[in-house]
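Chemist:
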Amino acid sequence: MCEGGGVLYWPSEDRIQSLVEPFPTTTVLDRLPRDLFRVETGKSSCLTLYPEQNLTVSQLADIVIPLVDTSRFTLSVSAAAVDITHRGVDKGFGIKRALEFIQHEYGSVVAIGDADNDLPMFDVADHAAAPSNATAAVKARANYVSRLPDTDGLIDILENLK
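Here you go:
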């Protein structure tokens with residue numbers, strides 16, 4: 013699952029499946045001060061903004077939040093970027109849709125996350141895990157927290173799945 017839950021990637025088929033209508037990038041970008049961020053290219057179902065000009069992600073979020081129509085879009089902040097998605101689309105939504113497509117029942121879903129935008133995914137998963145560099149909220153909700161950060165933490169989590 014990628015793009016904040018709006019896109020599924022099927023590795024066995026090397027296929028991308030959009031779960032929502034294309035994100036109206038220009039509609040949102042027209043309202044934002046373009047010199048303060050760069051846009052992650054190649055996305056179709058969300059808009060990801062990376063701070064520029066020595067701004068922090070939180071500072072960029074504070075600038076962007078009042079300019080986004082929150083009746084249509086949800087804004088989430090990760091360690092590196094500000095993500096804007098269609099309202100109701102999050103990683104929990106993506107997992108639910110993926111399970112529907114593969115006709116799989118709940119009972120064996122493991123979610124691994126490190127940022128607060130991963131919490132909706134934890135709501136749908138049977139087990140949740142996090143690397144050591146995860147936010148406090150993510151660690152508090154995880155069934156397993158690795159002693160290792162980042163990719164090493166992910167590998168540790170995968171090796172300890174039971």
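Add 12 to a position in the sequence shown, counting from 1, and you land on the number used in this note's numbering. Ideal Cβ placement from N, Cα and C applies to all residues, glycine included.
1. How many angstroms separate the CA atom of R99 from the CA atom of V40?
2. Going by beta carbon distance, what residues of the same chain come within less than 7 Å of L67, once the five residues before and after it are set aside?
3. Go ahead and pull the three-state DSSP assignment for L44.
4. Would you identify the three-state DSSP class for V150, choosing helix, strand or coil?
5. In the DSSP output, which residue or residues are listed as bridge partners for D95?
6. Is the separation between the beta-carbon of L31 and that of G106 shorter than 8 Å?
7. Ignoring anything shorter than 3 residues or poking outside the region 103-135, list the beta strand (DSSP E) runs there in chain order.
8. Kindly indicate the opening and closing residues of the beta strand (DSSP E) around Q29.
9. Looking only at DSSP bridge pairs, what is L166 linked to?
10. Could you tell me the distance, in whole angstroms, from the CA atom of M13 to the CA atom of S70?
11. For A137, which of helix, strand or coil comes out of DSSP?
12. Span of the alpha helix (DSSP H) holding V76?
13. Please name the residue, chosen from Q29, S24 and P23, that lies closest to R109 on a Cα-to-Cα basis.
14. Would you kindly work out how many angstroms separate the C-alpha atoms of R43 and I75, rounded to a whole number?
15. Is it buried or exposed for K103, if we count other Cβ within 10 angstroms and need 16 for buried?
Modeler: Per the coordinate set shown:
1. The residue labelled residue 99 in the question sits at position 87 within the sequence shown. The residue labelled residue 40 in the question sits at position 28 within the sequence shown. Going from the Cα of R99 to the Cα of V40 covers about 14 Å.
2. Along the sequence shown, one-based indexing puts residue 67 at 55. Taken in chain order, the residues that qualify are L48.
3. To locate residue 44, count along the sequence shown from 1; it is residue 32. It is coil, neither helix nor strand.
4. Along the sequence shown, one-based indexing puts residue 150 at 138. DSSP places V150 in helix when its eight states are reduced to three.
5. Residue 95 sits at position 83 when you count from the first residue of the sequence shown. Partner(s): T60 and S88.
6. For the purposes of this step, residue 31 is taken as the residue at position 19 of the sequence shown. For the purposes of this step, residue 106 is taken as the residue at position 94 of the sequence shown. Yes; because the gap between Cβ atoms is below 8 Å, this pair is in contact.
7. 122-124
8. Along the sequence shown, read from residue 1 onward, the residue named residue 29 stands at position 17. According to the DSSP assignment, Q29 belongs to the beta strand (DSSP E) that extends over R27 to S30.
9. Here residue 166 refers to the residue found at position 154 of the sequence shown. L166 pairs with nothing; no bridge assigned.
10. Within the sequence shown, the letter at position 1 stands for residue 13. Within the sequence shown, the letter at position 58 stands for residue 70. M13 and S70: Cα-Cα distance of roughly 25 Å.
11. As a first step, residue 137 must be located in the sequence shown, where it is residue number 125. Correct three-state label for A137: coil.
12. Taking the sequence shown and counting its residues from 1, the one referred to as residue 76 is at position 64. Counting along the chain, the alpha helix (DSSP H) containing V76 begins and ends at V69 to V76.
13. Stepping through the sequence shown from its first residue, residue 109 is reached at position 97. That would be Q29, whose Cα lies nearest to the Cα of R109.
14. Residue numbering aside, residue 43 sits at position 31 when the sequence shown is read from its first letter. Residue numbering aside, residue 75 sits at position 63 when the sequence shown is read from its first letter. Those two C-alpha atoms are separated by around 11 Å.
15. Numbered from its first residue, the sequence shown carries residue 103 at position 91. Buried.
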